[in-house]
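Data first, discussion second: the structure below is written as structure tokens.
Numbering (my numbering), first residue to last: 15 to 225.
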């Protein structure tokens, strides 16, 4: 048994399945929409509680707070004797490079073909955003799963368009997935993302002009 990262489509559901298949006396499960600093401290405290044999700690989240990851870094690097960690995540980019370098990554993601986002990234302008958000404001009770798929489609279309996001910008997408699961207004979620993408396109255009 060794520490590892498991990339899956639904981290929380898969972690629960793993927990049910394990001996509950030797397994601890920590699930959250976002891995917070408070939850990270609970994980650390639990890790140091003595067990009769090995202890398997399952950690699953749809987004990972950077400060929480930094808090876990030391215990992941030097875990207590016979304590093992499994991290469940959607994308390896959600995790800090310092964590990824310390744990093998097992990719079990089932590829699902995503439809293109409803706005074209290549021609996206400020004029397009207002009517789009106006239509989104009329959508009530949208399935959080469907909304998350739209956010993922937007992200993939940006990557195909050659937009390279930094860590802070990628965090915005992770936060959008988090708020999608907490029924935040759809137009608010996309306003933040689309304005950031417009700014990113402007930066790319300026770089191309300099070249």
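All C-beta atoms, glycine included, are put in the ideal place defined by N, C-alpha and C.
Per DSSP, cross-strand counterpart(s) of residue 69
Numbered from its first residue, the chain shown carries residue 69 at position 55. Answer by DSSP bridge pairing, in chain order: 97.
Buried or exposed for residue 7, please, with buried defined as at least 16 other CB atoms from any protein chain shown within 10 angstroms of its CB.
The question about residue 7 has no answer, for the chain in this structure spans 15 to 225.
For a test of the three-state rule: what should DSSP assign to residue 149, helix, strand or coil?
Position 135 of the chain shown, counted from the first residue, corresponds to residue 149. Correct three-state label for residue 149: helix.
Would you call the segment 212-219 and the segment 101-116 touching, i.e. three or more CB-CB distances under 8 Å?
no
Considering residue 42, what are the terminal residues of the beta strand (DSSP E) in which it resides?
By one-based count along the chain shown, residue 42 stands at place 28. Per DSSP, residue 42 belongs to the beta strand (DSSP E) from 41-49.
Can you tell me where the beta strand (DSSP E) holding residue 18 begins and where it ends?
Taking the first residue of the chain shown as 1, we reach residue 18 at position 4. Taken as a continuous stretch (DSSP letters only), the beta strand (DSSP E) holding residue 18 covers 18-21.
Given a threshold of 16 other Cβ atoms within 10 Å of its Cβ, counted over all protein chains shown, does residue 197 qualify as buried or as exposed?
Taking the first residue of the chain shown as position 1, residue 197 is located at position 183. The residue in question, residue 197, is exposed, as its Cβ has fewer than 16 Cβ neighbours within 10 Å.
Going straight from the alpha carbon of residue 169 to that of residue 187, what length do you get?
Within the chain shown, numbered from 1, the residue matching residue 169 stands at position 155. Within the chain shown, numbered from 1, the residue matching residue 187 stands at position 173. The straight-line gap from Cα to Cα measures roughly 8 Å.
Which residue marks the beginning of the alpha helix (DSSP H) containing residue 89, and which one marks its end?
Counting from 1 along the chain shown, the entry for residue 89 is found at position 75. Where residue 89 is concerned, the enclosing alpha helix (DSSP H) stretches over 80-91.
Smallest Cα separation from residue 147: which of 176, 58, 208 and 19?
By one-based count along the chain shown, residue 147 stands at place 133. For residue 147, the nearest C-alpha among the options comes from 208.
Output the distance between the C-alpha atoms of residue 41 and residue 17, rounded to the nearest integer angstrom.
Numbered from 1 along the chain shown, position 27 holds the residue referred to as residue 41. Numbered from 1 along the chain shown, position 3 holds the residue referred to as residue 17. Going by the C-alpha atoms only, they are around 14 Å apart.
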